[in-house]
Amino acid sequence: MNDHTPRTPVQRAVEVHQPTPYPPAVPVSAPLVPVQPDAVPTVASIVLPDGRVVTGYAVEPARREPVAAKPAVSRAAVNVALGGVGFLAVCGGLLLLTSFIAALTAFITQLIILAAVIFGGWIAVQILGTHGHQGGTTVNIRRAVFKRSHFHG
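To convert, note that position 15 of the sequence shown is 15 in the working numbering; the numbers rise steadily by one, no gaps.
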C-alpha cells in the first residue's frame, strides 16, 4: 500500500427504500383512516465514500404560501367611509331633532302668551265691567233736606 497512485473514491449506487406504513394503535371505537401512499415520504439511503450508509427522508425546499390578491380598496378605507356615512346620518337626525325642539318651544311659548292674553282680558272685564251690583250698600236718595248740617231722609 505504499504505492503513490492516487486512490479513486468508490462509486456506489444510491438505494431508495419505501417504508411499509403500520396502522397506528388507536382505540377500537375510533375509525381507522387509511394512509395514502402519496403521503408517505421517500426514504433515501446514501453510501458515503468511506463505506458508511446514511438513511433519511428527502427534504423538499420550503414553499412560500401564495399571496392573496389584495382587494382594490382596503378594509380601513371602507370602515372610514361607512363611519362617515353613519356620522352624516346622525348629524341629519340631530339637525331635524333640534329643528323639532325649536318649533315645539315656539308653539309652547305662543300657547302661554295666548293664555295670558285671554286670562288678562277676563280679569279686565271683571274689574272694569258695569253690569249688576258691585256689592256694598245701595242708598236711594229722594227728598233730602239739609238742616243745620243734619241729614233727614
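Built from N, CA and C at the ideal position, the CB exists for glycine as well.
Just so it is clear, the structure is predicted and the values come from calculations on it, not from any experiment.
- In the structure shown, residue 42 adopts coil according to DSSP, grouped into three states.
- Between residue 43 and the set 68, 52, 15 and 67, the nearest pair of CA atoms involves 15.
- For the pair residue 67 and residue 13, the CB atoms are not nearer than the 9 Å cut-off.
- When the Cα atoms are used, residue 63 and residue 56 turn out to be separated by approximately 20 Å.
- Counting only the Cα atoms, residue 85 lies some 12 Å from residue 93.
- Straight-line measurement puts the Cα of residue 121 at about 57 Å from the Cα of residue 83.
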